[in-house]
Amino acid sequence: MSPVSASERKLNGIAFFIADLQMGLGPLLAVYLVAVLNWNPAEVGLMITAGAIVTLLLQVPMGALVDVTRRKRSLIVGAAVLLSVSTVIVPLAPSLTTILANTLILGAVAAFFGPAMASLVLGVVGPARYDLVFARTQIYQHSGTVFYAGILLLIAIFSPLSASAQAIAPFYLLPLLGVGLIVWVLRLPEKAINHAWARGTDSEGAQNPAVSAFQLVTLYPMIWKLALCFFLFHLGNAAMLFLISERLASSHHGGSASDAILVASGSIVAAQAMMVAMAIWVVAKVNQRGRKFFLLVAFAVLPIRGFLLSLDDSIAYMFTVQLLDGIGAGLIGAVMPIVLADVVRGSGHYNLALGFLLTAQGIGAAMSQTLGGTAANMMGFDNAFLLLAAVALVALCAVITLVPETGTSIKAPSRGGE
Numbered sequence: 114m115s116p117v118s119a120s121e122r123k124l125n126g127i128a129f130f131i132a133d134l135q136m137g138l139g140p141l142l143a144v145y146l147v148a149v150l151n152w153n154p155a156e157v158g159l160m161i162t163a164g165a166i167v168t169l170l171l172q173v174p175m176g177a178l179v180d181v182t183r184r185k186r187s188l189i190v191g192a193a194v195l196l197s198v199s200t201v202i203v204p205l206a207p208s209l210t211t212i213l214a215n216t217l218i219l220g221a222v223a224a225f226f227g228p229a230m231a232s233l234v235l236g237v238v239g240p241a242r243y244d245l246v247f248a249r250t251q252i253y254q255h256s257g258t259v260f261y262a263g264i265l266l267l268i269a270i271f272s273p274l275s276a277s278a279q280a281i282a283p284f285y286l287l288p289l290l291g292v293g294l295i296v297w298v299l300r301l302p303e304k305a306i307n308h309a310w311a312r313g314t315d316s317e318g319a320q321n322p323a324v325s326a327f328q329l330v331t332l333y334p335m336i337w338k339l340a341l342c343f344f345l346f347h348l349g350n351a352a353m354l355f356l357i358s359e360r361l362a363s364s365h366h367g368g369s370a371s372d373a374i375l376v377a378s379g380s381i382v383a384a385q386a387m388m389v390a391m392a393i394w395v396v397a398k399v400n401q402r403g404r405k406f407f408l409l410v411a412f413a414v415l416p417i418r419g420f421l422l423s424l425d426d427s428i429a430y431m432f433t434v435q436l437l438d439g440i441g442a443g444l445i446g447a448v449m450p451i452v453l454a455d456v457v458r459g460s461g462h463y464n465l466a467l468g469f470l471l472t473a474q475g476i477g478a479a480m481s482q483t484l485g486g487t488a489a490n491m492m493g494f495d496n497a498f499l500l501l502a503a504v505a506l507v508a509l510c511a512v513i514t515l516v517p518e519t520g521t522s523i524k525a526p527s528r529g530g531e
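If you count by my numbering, then the sequence shown holds residues 114 to 531, one letter each, in order.
So this is what it looks like as structure tokens:
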């Protein structure tokens, strides 16, 4: 493995904190809404969907913004401040207005952080080393989430706090992680970022006329095929952990907020630890095994996970099955941006293309929350998991049929103009 430069170490620090803010409260918001505010699963699903809709509406514009801006660091800092402030306000003044505001802000921030992080990595190391360095930052992103959820897990196990207080704890922890992100972003020198590389161009003087997302997909038809596959994957995947949390927090299940927090945070720790292992695997083998091999493994695991979740609702069982989430999501997170970089290299519109793919994912995730929540209300949790597993099986068929191997050998470009 090649040595890590000082700038790459700063990218690792940014990645450690940015994943937590991008995830936000995640399934822990569902625990808070169900256990503390007594919302039902359908209401929770609609709130999560609202944030996801904002993400998908802004994903392409955010990708285009990242392509053209030279103020990437300032924008990341501003986003971290905005999200941190809106998060800490929720438990201080809980209302539909503050919860919705935080959810919508998270949706906007999530749309920005994905392409911003990918762009920073590409801008610092260039396309020749992007696959390995980006996969390495995934190790740190998942490690950061393990740290975040691990603290909450320790609180759930050892803290004398009441169940309601435990459900509120993430609202205070997340802003502290926001401070960490700001510190690491400011440590990365502006001069370390080659803005030509960051938008997918080999040199600063290259001519890359402005295009719309539709025009870009027309020029690179593989983008829409990838978008369809990732849409289907997230349609089947996104609601699963939320349904687990809601099931345990539901009075009908006989559980409690403490149980829900324990399983939600524990599942995140276990899954993210598995994602670290998957990212390490990608770093070691992506050029030998190829990109499609890792995609096939990721897509194959998801229908199995959905089916297994329908069989038993005990805490230990669901916790164990959630380890499969780390395999699927870990491989998708590490490989998808690499595959896209292969497809659109030299276009000068990498982040616009990434925004398009993340929009497809966001649409799938938004629909998954509503689909899963509605199915759980109408048919019960077991049948909801089976429905999501069926969607995941369709996604597997799509990636087998539509996506070829994209990995090629590329040469490092010159620093052209930076």
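All C-beta atoms in this analysis are idealised placements derived from N, C-alpha and C, irrespective of residue type, glycine included.
Predicted model, so just to flag it, every value in this text is computed and none were measured.
Asked                                                                                                                                                                 : Found
Which residues in the same chain have their Cβ closer than 6 Å to the Cβ of residue 438, if we skip the five residues on either side of it in sequence?               : 384
In its own chain, which residues sit with a C-beta less than 7 Å from the C-beta of residue 163, not counting the 5 before and 5 after it?                            : 213, 216, 217
For the alpha helix (DSSP H) that residue 483 lies in, which residues bound it at each end?                                                                           : 463 to 492
Can you find at least 3 beta carbon pairs, one from the region 410 to 421 and one from the region 282 to 296, that sit closer than 8 Å?                               : no
Please return the same chain residues whose Cβ sits closer than 6 Å to the Cβ of residue 254, not counting the five positions on each side in sequence.               : 128, 132
Figure out for me which residue from 232, 349, 243 has the closest Cα to the Cα of residue 507.                                                                       : 349
First and last residue of the alpha helix (DSSP H) that includes residue 435?                                                                                         : That residue, residue 435, is in no alpha helix (DSSP H); it is neither H nor E in DSSP.
Output the distance between the C-alpha atoms of residue 277 and residue 141, rounded to the nearest integer angstrom.                                                : 12 Å
Comparing C-alpha positions only, which one of 228, 286, 491 sits nearest to residue 599?                                                                             : The requested residue 599 does not occur in the structure, where the chain is confined to residues 114 to 531.
Classify residue 516: buried if its beta carbon has 16 or more other beta carbons within 10 angstroms, exposed otherwise.                                             : buried
Using the rule of at least 16 other Cβ atoms within 10 Å of the residue's Cβ for burial, across every protein chain shown, is residue 357 buried or exposed?          : buried
Considering only residues of the same chain and omitting the five flanking positions on each side of residue 446, which have a CB-CB separation below 6 Å?            : 251
What does a CB cutoff of less than 7 Å around residue 398 pick up in its chain, not counting 5 residues either side in sequence?                                      : none
Quick check: what's the CA-CA separation for residue 203 versus residue 405?                                                                                          : 42 Å
Go ahead and pull the three-state DSSP assignment for residue 124.                                                                                                    : helix
Within this structure, are the beta carbons of residue 194 and residue 228 separated by less than 8 Å?                                                                : no
Please classify residue 510: is it buried, with 16 or more other beta-carbons within 10 angstroms of its beta-carbon, or exposed?                                     : exposed
Can you tell me whether residue 207 is helix, strand or coil according to DSSP?                                                                                       : coil
Check whether the region 302 to 317 touches the region 426 to 440, taking contact to mean three or more Cβ pairs, one atom from each stretch, closer than 8 Å.        : no
Distance check for residue 500 and residue 123, CA to CA, integer angstroms please.                                                                                   : 42 Å
Using a 10 Å radius around the Cβ and a threshold of 16 neighbouring Cβ atoms, would you call residue 336 buried or exposed?                                          : buried
Kindly indicate which three-state DSSP category residue 182 falls into: helix, strand or coil?                                                                        : coil
Using a threshold of 7 Å, is the CB atom of residue 302 nearer than that to any non-hydrogen atom of the ligand MN?                                                   : For the structure depicted, the ligand MN is absent and the ligand set is empty, with no information on it obtainable.
Straight-line CA distance for residue 211 to residue 196?                                                                                                             : 12 Å
For the alpha helix (DSSP H) that residue 338 lies in, which residues bound it at each end?                                                                           : 335 to 350
What whole-angstrom Cβ distance do residue 482 and residue 355 have, given they're in contact under 8 Å?                                                              : 7 Å
Quick one: is residue 290 buried, meaning 16 or more other Cβ sit within 10 Å of its Cβ, or exposed?                                                                  : buried
For the region 238 to 251 against the region 181 to 193, are there 3 or more C-beta pairs whose distance is under 8 Å?                                                : no
Within 10 Å of its beta-carbon, does residue 189 have 16 or more other beta-carbons around it, so buried, or fewer, so exposed?                                       : buried
Once you ignore the five residues that flank residue 126 on each side, which residues in its own chain have a CB closer than 6 Å to its CB?                           : 297
What's the call for residue 365, buried or exposed, on a 16-neighbour Cβ count within 10 Å?                                                                           : Any answer about residue 365 is weak, because its pLDDT of 46 lies below 50 and its placement is not dependable; what the coordinates show is given next. By the neighbour-count rule (16 or more Cβ atoms within 10 Å), residue 365 is not buried but exposed.
Looking only at its chain, what residues have a beta carbon closer than 6 Å to the beta carbon of residue 176, apart from the 5 residues adjacent to it on each side? : 228, 464, 465, 467, 468
Out of 150, 498, 303, 410, state which residue places its alpha-carbon closest to the alpha-carbon of residue 424.                                                    : 498
Tell me whether residue 258 is buried or exposed, calling it buried when 16 or more other Cβ atoms sit within 10 Å of its Cβ.                                         : buried
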